[in-house]
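Just below is one structure, and these are the notes that go with it.
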Amino acid sequence: MSTQQERFDQCIKQDSFIEPKDWMPDAYRKTLIRQIGQHGHSEVVGMLPEGNWITRAPTLKRKAVLLAKVQDEAGHGLYLYSAAETLGADRDDMMQKLIDGKMKYSSIFNYPTLTWADVAAIGWLVDGAAIVNQVALCRTSYGPYARAMVRICKEESFHQRQGFEAMMQLANGTEEQKQMAQDAVNRFWWPALMMFGPSDDNSPNSAQSMFWKIKLFSNDELRQKFIDNTVPQVHQLGLTVPDPKVKWNESTQHYEFGEINWDEFNAVIAGKGPCNQERLAARRKAWEDGQWVRESAAVYAQKQTAKVA
Ligand code: BYC
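Note that the working numbering has the sequence shown beginning at 955, numbered continuously upward.
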């Protein structure tokens, strides 16, 4: 075994961070670029379903909060693309792969936001699921990814709380508003569980990623944690979980739950979800419309460099 490999293995074993200039196996680099790139794309595509409601937010306060949240998601995308660049990834290439359907983004953003309650449900359930996954990633083995996660988690916590508060207002509102809240939970509950990825026995990347401590907990462990956190919140809102099998198990100290529709999950990640085409078309248009901005910025940067030289 090479000294470089030994040093890398030692670093992983001791829970130290691997930094951009450190030697790392090619497959470790490739896995990180895949995961961080997809994570960045999820943040950026994730702006679309919520952005859809900025002009229709019910009050000025809700509009201001939603604007700030969507802007935060753009920022998360930027930290993540920057982290991927430290591994040698090229941002234009990642973007091209996203719009060509060659790189994935989170399945959850392929579902439509039909009512205002869906925006509340995204804040509460989707950001809630994201936090469970991302808090674990604050100790992931690659330094720049872990550090990006610390700030992202702080912002996601605010997002989750505002989503819960918006949901609480609906759940305690008129009968119609309460029904709207329940309908959003019914439609977003299962897709939120799918965010954690396939079950452990069907997750091709998990074993290696856990060995390298890129992932510290398995998909099923994190999904269970989210369910244990969230079921009491649904009850607190006076709503119901759309799964008749949800039941507290005293001996395991966890909630039991029903079977996830993996056919639906596989269809969505294969590009056949309700909004996949619409999401990619929106990203493609934004990329093409922004061409002149990228060109101008590049010319400006060249001029600045020439001045310094
Ligand atoms: N959606 O072997 P597996 C947010 C893919 S955004 C789509 O378990 P892995 C927010 C997976 O990529 C939060 N694809 O993979 C933003 C793999 O395909 P490839 C986003 C999925 O990587 C705006 C294949 O299925 N969070 O918070 O070990 C507003 C097999 O899976 C999904 C992150 O990205 C999925 N749900 O584990 C509001 C967190 N699940 O690449 C909120 C970082 C799996 O082999 N990522 N796939 O073709 C991770 O923690 C891991 O990548 C995953 C999957 C747990 C998602």
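A virtual CB, placed ideally from N, CA and C, is assigned to each residue, including glycine.
Top-ranked residue by Cα proximity to residue i, from the options
i: A1022; options: N1203, Q1116, D1197; result: Q1116
i: N1126; options: L1176, V1188, K1179, D1155; result: V1188
i: R1238; options: A1011, R1177, I1053; result: I1053
i: T1094; options: R961, F1171, F1180, E1130; result: F1171
i: S1061; options: T985, R1233, C1107, L1068; result: R1233
i: D963; options: W1166, A1252, K1226; result: W1166
i: D1154; options: I1168, L1176, Q1258, A1135; result: L1176
i: A1235; options: G1029, M1048, G1055; result: G1055
i: K1015; options: E1039, A1251, A1120, L1002; result: A1120
i: V1200; options: T1206, G1212, A1090; result: G1212
i: L1020; options: P1198, H1113, W977; result: H1113
i: A1043; options: E1129, M1134, R988, R1248; result: R988
Inter-residue spacing [alpha-carbon to alpha-carbon] between residue i and residue j
i: E1242; j: G1192; result: 46 angstroms
i: Q1088; j: M1103; result: 6 angstroms
i: Q1050; j: L986; result: 18 angstroms
i: A1084; j: A1260; result: 43 angstroms
i: N1140; j: Y1254; result: 50 angstroms
i: T1009; j: T1067; result: 14 angstroms
i: A1161; j: Q959; result: 19 angstroms
i: M1057; j: N1203; result: 39 angstroms
i: E997; j: D1026; result: 9 angstroms
i: E1004; j: L1041; result: 30 angstroms
Residue j beta carbon less than 7 angstroms from that of residue i
i: Y1059; j: H995; result: yes
i: N1183; j: G1151; result: no
i: A1138; j: D1072; result: yes
i: P1012; j: W1070; result: yes
Residue range of the alpha helix (DSSP H) that includes residue i
i: E1210; result: It is not in any alpha helix (DSSP H) - E1210 instead sits in the beta strand (DSSP E) that spans 1208-1210.
Expected contact under 8 angstroms - CB spacing of residue i and residue j to nearest Å
i: A1075; j: F1142; result: 4 angstroms
i: Y1096; j: F971; result: 7 angstroms
i: C1229; j: N1006; result: Not a contact, Cβ separation roughly 10 angstroms.
i: I1106; j: Y1033; result: 7 angstroms
i: I990; j: A1037; result: 5 angstroms
Start-to-end residues for the beta strand (DSSP E) that takes in residue i
i: N1156; result: Per DSSP, N1156 belongs to no beta strand (DSSP E) and is neither H nor E.
i: N1203; result: 1201-1203
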